[in-house]
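Notes for the one structure printed next.
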Amino acid sequence: MKRVIRLLVLAAFVILIAVPTAWAEEYRLGPNDVLTIGVWGYEELQVKEVAIRPDGKLAFPLVGEVQALGLSTGELTDVLTKGLSNYVKDPKVSINIAKLRTTRVYVLGEVVRPGMYELEKQHNLLDAIGVAGGYTKNAAKKKVLILRKDQMGNPIKANLVNFLTKGDLTQNYALNEGDVVYLSDSGKINFASDILPWVSATYQIMRVND
Numbered sequence: 026m027k028r029v030i031r032l033l034v035l036a037a038f039v040i041l042i043a044v045p046t047a048w049a050e051e052y053r054l055g056p057n058d059v060l061t062i063g064v065w066g067y068e069e070l071q072v073k074e075v076a077i078r079p080d081g082k083l084a085f086p087l088v089g090e091v092q093a094l095g096l097s098t099g100e101l102t103d104v105l106t107k108g109l110s111n112y113v114k115d116p117k118v119s120i121n122i123a124k125l126r127t128t129r130v131y132v133l134g135e136v137v138r139p140g141m142y143e144l145e146k147q148h149n150l151l152d153a154i155g156v157a158g159g160y161t162k163n164a165a166k167k168k169v170l171i172l173r174k175d176q177m178g179n180p181i182k183a184n185l186v187n188f189l190t191k192g193d194l195t196q197n198y199a200l201n202e203g204d205v206v207y208l209s210d211s212g213k214i215n216f217a218s219d220i221l222p223w224v225s226a227t228y229q230i231m232r233v234n235d
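Residue numbers (my numbering): 26 to 235.
Here it is in structure tokens:
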């Protein structure tokens, strides 16, 4: 019995450690994100804090200006590695997010405090539901909907049960500016009563295909 408990504790610890890593791989960089960038073995290429400008670009030694808007840290690492390879042999680039921009999202439906929130830390689904006080007992946790401006007719469907019970990190989606997180009691959208009072008509979705 003690062995089983130890294994469960270890599994929970592994999930908690892995969540930030999985989130960072999915998170999309944007203006006011602050990064720490380094190149192994080259102290002169260590940049402790560089902010992404409003135009989505940042400047890095030797490489010059690069477009970071919409990239993950892994994708930006590839861009800098390619640029540095013209000057440095086999560059080993590392990028960490030193400070996150705030992201405004809406958390609506079956949560304790529906409303608009600015996320200051990890911009993910679980974080958003947490700041809204958590989900109610009636929430359809197997079908949490994420509505995005550029995907109005095709909302993302997240299964919180799989994340919470099985450690499925793919269900803890990173959130973008203006996203709507919607929990209903049926897994379907009641646009008129739950969403329309909060957000603009750009989010109008009259039907969600099951």
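For glycine and all other residues, C-beta sits at the position ideal for the given N, C-alpha and C.
Just so it is clear, the structure is predicted and the values come from calculations on it, not from any experiment.
query: Distance, GLY99 Cα to ASN121 Cα; result: 10 Å
query: Cβ shell of LYS82 (< 6 Å), same chain only, five flanking positions each side left out; result: GLU90 and GLN92
query: Residues bridged to LYS82 (per DSSP); result: GLN92
query: Pair within 8 Å by beta-carbon distance, LEU170 and TYR142; result: no
query: Coarse secondary structure for LEU41, derived from DSSP in three states; result: Reliability fails at LEU41, whose pLDDT of 41 lies under 50, so the model's placement of it is uncertain and the value that follows must be treated cautiously. Helix.
query: Residues near LEU185 in its chain [Cβ-Cβ closer than 6 Å; skip 5 each side]; result: LYS166 and VAL169
query: Cα-Cα separation between ASN163 and LEU200, rounded to whole angstroms; result: 23 Å
query: Proximal residues to PRO116 (C-beta, below 7 Å), its chain only, five neighbours per side dropped; result: VAL64, THR106, LEU109 and SER110
query: Close beta carbons around PRO86, own chain, < 6 Å, minus the five adjacent residues each side; result: LEU70
query: Nearest neighbour of VAL130, chosen from VAL118, ILE154 and SER119 [CA to CA]; result: ILE154
query: Per DSSP, cross-strand counterpart(s) of LEU207; result: For the record, residue 207 in the displayed sequence is Tyr; it is not Leu. LEU133 and LEU170.
query: Identified DSSP bridge partners for ASN149; result: ALA199
query: For THR102, the first and last residue of its enclosing alpha helix (DSSP H); result: 98 to 109
query: Exposed unless 16 or more other CB atoms sit within 10 angstroms - verdict on ALA157; result: buried
query: Inter-residue Cα distance where the pair is ASP193 and LEU172; result: 21 Å
query: DSSP beta-bridge partners of ALA123; result: Answer by DSSP bridge pairing: none, since ALA123 is not bridged.
query: Where the beta strand (DSSP E) containing LYS182 begins and where it ends; result: 181 to 183
query: Nearest residue (CA-CA) to GLU145, options ARG126, VAL118 and LEU133; result: ARG126
query: Where GLU74 falls: helix, strand or coil (DSSP); result: strand
query: From GLY55, PHE188, TYR52 and ALA76, residue whose alpha carbon lies closest to that of ILE62; result: ALA76
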